[in-house]
Amino acid sequence: LMGLLEPRAMDFQNIIMLSMNAGVFPFKKSSNSIIPYTLRKGFYMPPYELQDSIFAYHFYRMISRAKNVYFLYDTRAEGGQSGEVSRYLYQIKYLYPDKFNMNERLFSYQVKSPQAEAILVNKTGTVWDKLNEFRVGGERALSASSFNNYIDCPLRFYLMHVEELSEEDEVEESIEHSIFGSILHKIMQEIYDKYKDSVVTADLLTQIMKNDAFITRKLEEAFADLYRKQKGKPKPLKGNNYLVGETLRNYIKQVLKVDIAYAPFTYRDSEKVFRLNHKVDDSLSVKFKGSIDRIDEKDGITRIIDYKSGQGELNYKEMEDLFDSSKDKRPKPILQTFIYSYFYNVEVPNKVLSPGIYFMRTSFTNFSSTVTCKGQQIDDIAIYFPEFETLFNEKISELFNKDIPFTQTENLKNCEYCPFKSLCER
Numbered sequence: 032l033m034g035l036l037e038p039r040a041m042d043f044q045n046i047i048m049l050s051m052n053a054g055v056f057p058f059k060k061s062s063n064s065i066i067p068y069t070l071r072k073g074f075y076m077p078p079y080e081l082q083d084s085i086f087a088y089h090f091y092r093m094i095s096r097a098k099n100v101y102f103l104y105d106t107r108a109e110g111g112q113s114g115e116v117s118r119y120l121y122q123i124k125y126l127y128p129d130k131f132n133m134n135e136r137l138f139s140y141q142v143k144s145p146q147a148e149a150i151l152v153n154k155t156g157t158v159w160d161k162l163n164e165f166r167v168g169g170e171r172a173l174s175a176s177s178f179n180n181y182i183d184c185p186l187r188f189y190l191m192h193v194e195e196l197s198e199e200d201e202v203e204e205s206i207e208h209s210i211f212g213s214i215l216h217k218i219m220q221e222i223y224d225k226y227k228d229s230v231v232t233a234d235l236l237t238q239i240m241k242n243d244a245f246i247t248r249k250l251e252e253a254f255a256d257l258y259r260k261q262k263g264k265p266k267p268l269k270g271n272n273y274l275v276g277e278t279l280r281n282y283i284k285q286v287l288k289v290d291i292a293y294a295p296f297t298y299r300d301s302e303k304v305f306r307l308n309h310k311v312d313d314s315l316s317v318k319f320k321g322s323i324d325r326i327d328e329k330d331g332i333t334r335i336i337d338y339k340s341g342q343g344e345l346n347y348k349e350m351e352d353l354f355d356s357s358k359d360k361r362p363k364p365i366l367q368t369f370i371y372s373y374f375y376n377v378e379v380p381n382k383v384l385s386p387g388i389y390f391m392r393t394s395f396t397n398f399s400s401t402v403t404c405k406g407q408q409i410d411d412i413a414i415y416f417p418e419f420e421t422l423f424n425e426k427i428s429e430l431f432n433k434d435i436p437f438t439q440t441e442n443l444k445n446c447e448y449c450p451f452k453s454l455c456e457r
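Below you can see the structure in the form of structure tokens.
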């Protein structure tokens, strides 16, 4: 078993050469020099063609005295490979057809990985003790996101929220999706916070939208605080961060345009934090926490708004759809706004609440923020609370049922972006 250089002074009757794919044999053209290719050519310095010619010489010398040569290559176009055969084989086939007796064969194999065993975690011992920390009297609290994780996959909830495992931290050269959303949330909060409990008019929002210097300063401050972790040390955005900043600027202005059309309204709060006890039944009470992105009021209706930097669905057909993990596109943001509205109603009762979601990617065309049920706009969510509360409590009771272990989801779509899918061999 040798590489290309080891048999330089040896001859073999039989040779088997592996990985005869384009880009593998010979290697892709590359140069480790900082001197540009044109300068190397102009000053007669060795270019990459020299390496190609050395590669070709060793290849043809090695096969020149052999009686039987077997070339193997992979036809699959995946894993960064094109599935194309090496150009050397094309040279043999078309340039020297009279010198080589060439036969081609294609072999296909059905390779299947062994069936992974199902993973389940019983709610006993320390697992049960850790889970009970979410009860009233414990030190931890459930949230809308952790509750959504439980619906998607009980095992993911166990790993992420009971055992508190997380993805390995990596140094990112670009803005992660979560940080992108955090920057957007922070800037919108800072824009509106000074008008808390005040009437916000279209003229006021128009002035803010046209003040590019103000938005630029807010972007630089948010990047310094949330991305570079250097609060109070804003710097001009450059390179990729500048491009991300311009995308955020467009989103911010679009939110302001939407709000101009909705104005006048009273801005009540932003990033409203709640931490409440929730009684499921006589034997079970849990703690819930959350942060409502935005609360405003107009014509006696209080809107509970959640900002989402992506896109999603504003309509659902049945309340069961919000809790059904078998749905490939379960409307998780809608469930989140229901949870926020439900607990806001507990904290501030006797308000007419309307849930809404600002999906940034769809805010530029035919924008709507109000959640709908079967196409009907929800202007008073209270009429939906009885059915919601029943299903909500059933799912929490299931979570704290000692006889129901944490298991893997049966919907493999939920595994696509799961940080633990390699652990599950999904």
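If you read the sequence shown in our numbering, its first letter stands for residue 32, the second for the next number, and so on. Each residue gets a CB set at the ideal place from its N, CA and C atoms; glycine is no exception. None of the values given here were measured: they were computed from a predicted structure.
Proximity winner among S174, D313, T69 and Y88, relative to L36 (alpha-carbon distances): Along the sequence shown, read from residue 1 onward, the residue named residue 36 stands at position 5. Nearest C-alpha to L36: Y88.
Q342 vs A175 beta-carbon contact at 7 Å: Against the sequence shown, residue 342 aligns to sequence position 311. Against the sequence shown, residue 175 aligns to sequence position 144. Cβ atoms of Q342 and A175: not closer than 7 Å.
Same chain only: Cβ atoms within 7 Å of A172, ignoring 5 sequence neighbours per side: The residue you call residue 172 lines up with position 141 of the sequence shown. These residues qualify, in order along the chain: F165, R306, K318, F319 and K320.
Distance CB(I283)-CB(I218) smaller than 7 Å: Residue 283 sits at position 252 when you count from the first residue of the sequence shown. Residue 218 sits at position 187 when you count from the first residue of the sequence shown. Yes.
Buried or exposed by the 16-neighbour rule on C-beta atoms within 10 Å, applied to E204: Looking up residue 204 in the sequence shown gives position 173. With a pLDDT of only 48 at E204, under the threshold of 50, the placement of this residue in the model should not be trusted, and no figure is reported.
Stretch-stretch touch, CB-based, cutoff 8 Å, three pairs: the region 343-358 with the region 289-300: no
Alpha helix (DSSP H) runs contained entirely in the region 153-189, provided each spans 4 or more residues: 156-162, 175-183 and 185-188
First through last residue of the alpha helix (DSSP H) which encompasses G321: Here residue 321 refers to the residue found at position 290 of the sequence shown. From DSSP, G321 is part of no alpha helix (DSSP H) but of the beta strand (DSSP E) over L315 to K329.
Rounded straight-line distance, which links the Cα of A40 to that of V116: One-based indexing of the sequence shown puts residue 116 at position 85. One-based indexing of the sequence shown puts residue 40 at position 9. Rounded to the nearest angstrom, the two C-alpha atoms are 27 Å apart.
K217 beta carbon near the ligand GTP (any heavy atom closer than 6 Å): Among the components modelled here there is no ligand, and therefore nothing to report on the ligand GTP.
Cross-strand partners of R334 (DSSP beta bridge): Residue mapping note: residue 334 aligns to position 303 of the sequence shown, counting from 1. Paired residue(s): D327 and S385.
M219 - DSSP class collapsed to helix/strand/coil: Position 188 of the sequence shown, counted from the first residue, corresponds to residue 219. Here M219 sits in helix by DSSP.
Whole-Å CB distance - D324 paired with H216, under 8 Å assumed: The count along the sequence shown starts at 1 and reaches residue 324 at position 293. The count along the sequence shown starts at 1 and reaches residue 216 at position 185. That pair is a contact at about 6 Å.
Where the beta strand (DSSP E) containing V230 begins and where it ends: Here residue 230 is taken as the residue at index 199 of the sequence shown, counted from 1. Per DSSP, V230 belongs to the beta strand (DSSP E) from S229 to V231.
Exposure label - E148; buried when at least 16 CB within 10 Å: Within the sequence shown, residue 148 is the residue found at index 117, counting from 1. Its Cβ having fewer than 16 others within 10 Å, E148 is exposed.
Distance CB(Y121)-CB(I47) smaller than 7 Å: For this step, residue 121 is matched to residue 90 along the sequence shown. For this step, residue 47 is matched to residue 16 along the sequence shown. It is not a contact, given that the beta carbons lie outside the stated cut-off.
Range covered by the alpha helix (DSSP H) that runs through H89: In the sequence shown, counting from the first residue as 1, residue 89 sits at position 58. Start and end: Y79 to I94.
Contained alpha helix (DSSP H) runs [length at least 4] in the region 369-438, N- to C-terminal order: 416-430
Straight-line Cα distance separating K98 from D129: Your numbering for residue 129 matches position 98 in the sequence shown. Your numbering for residue 98 matches position 67 in the sequence shown. Using only the alpha carbons, I get a separation of about 15 Å.
Cα-Cα separation, E328 to S322: To locate residue 328, count along the sequence shown from 1; it is residue 297. To locate residue 322, count along the sequence shown from 1; it is residue 291. Each residue's Cα considered, the two are about 18 Å apart.
CB contact flag (A233, I326, <7 Å): Numbered from 1 along the sequence shown, position 202 holds the residue referred to as residue 233. Numbered from 1 along the sequence shown, position 295 holds the residue referred to as residue 326. No, these two residues do not count as a Cβ contact at 7 Å.
Stretch-stretch touch, CB-based, cutoff 8 Å, three pairs: the region 395-402 with the region 130-140: no
N308 versus V167 - alpha carbon distance: Along the sequence shown, one-based indexing puts residue 308 at 277. Along the sequence shown, one-based indexing puts residue 167 at 136. Rounded to whole angstroms, N308 to V167 spans 6 Å at the Cα level.
Three-way DSSP call (helix, strand, coil) for K303 in this model: One-based indexing of the sequence shown puts residue 303 at position 272. Correct three-state label for K303: strand.
Counterpart residues of M48 in DSSP-defined beta bridges: In the sequence shown, residue 48 corresponds to position 17, counting from 1. According to DSSP, M48 bridges with F102.
Environment of M133 [buried if 16+ CB atoms lie within 10 Å]: The sequence position of residue 133 within the sequence shown is 102, counting from 1. When all chains shown are included, M133 counts as exposed.
7 Å Cβ cutoff met for S213 and L257: In the sequence shown, counting from the first residue as 1, residue 213 sits at position 182. In the sequence shown, counting from the first residue as 1, residue 257 sits at position 226. In this structure, L257 lies closer than 7 Å to S213 by Cβ.
Rounded straight-line distance, which links the Cα of N271 to that of G331: If you number the sequence shown from 1, residue 331 lands on position 300. If you number the sequence shown from 1, residue 271 lands on position 240. If you take the alpha carbons of G331 and N271, they lie about 44 Å apart.
Rounded C-alpha distance that separates E170 from P267: As a position in the sequence shown, residue 170 is number 139, starting the count at 1. As a position in the sequence shown, residue 267 is number 236, starting the count at 1. The straight-line gap from Cα to Cα measures roughly 41 Å.
Range of the contiguous alpha helix (DSSP H) that encloses I291: Along the sequence shown, read from residue 1 onward, the residue named residue 291 stands at position 260. Here the alpha helix (DSSP H) through I291 covers G270 to Y293.
From D83, L287 and Y448, residue whose alpha carbon lies closest to that of Y223: As a first step, residue 223 must be located in the sequence shown, where it is residue number 192. Closest by alpha carbon: L287.
F354 vs L430 beta-carbon contact at 7 Å: On the sequence shown, residue 354 is found 323 positions in, with the first residue counted as 1. On the sequence shown, residue 430 is found 399 positions in, with the first residue counted as 1. Result no, Cβ atoms of F354 and L430 do not sit closer than 7 Å.
Residue interval of the alpha helix (DSSP H) (run including Q122): The count along the sequence shown starts at 1 and reaches residue 122 at position 91. Segment R118 to L126, the alpha helix (DSSP H) holding Q122.
Exposure of E252, with buried meaning 16 or more beta-carbon neighbours within 10 Å: Along the sequence shown, read from residue 1 onward, the residue named residue 252 stands at position 221. Result: buried.
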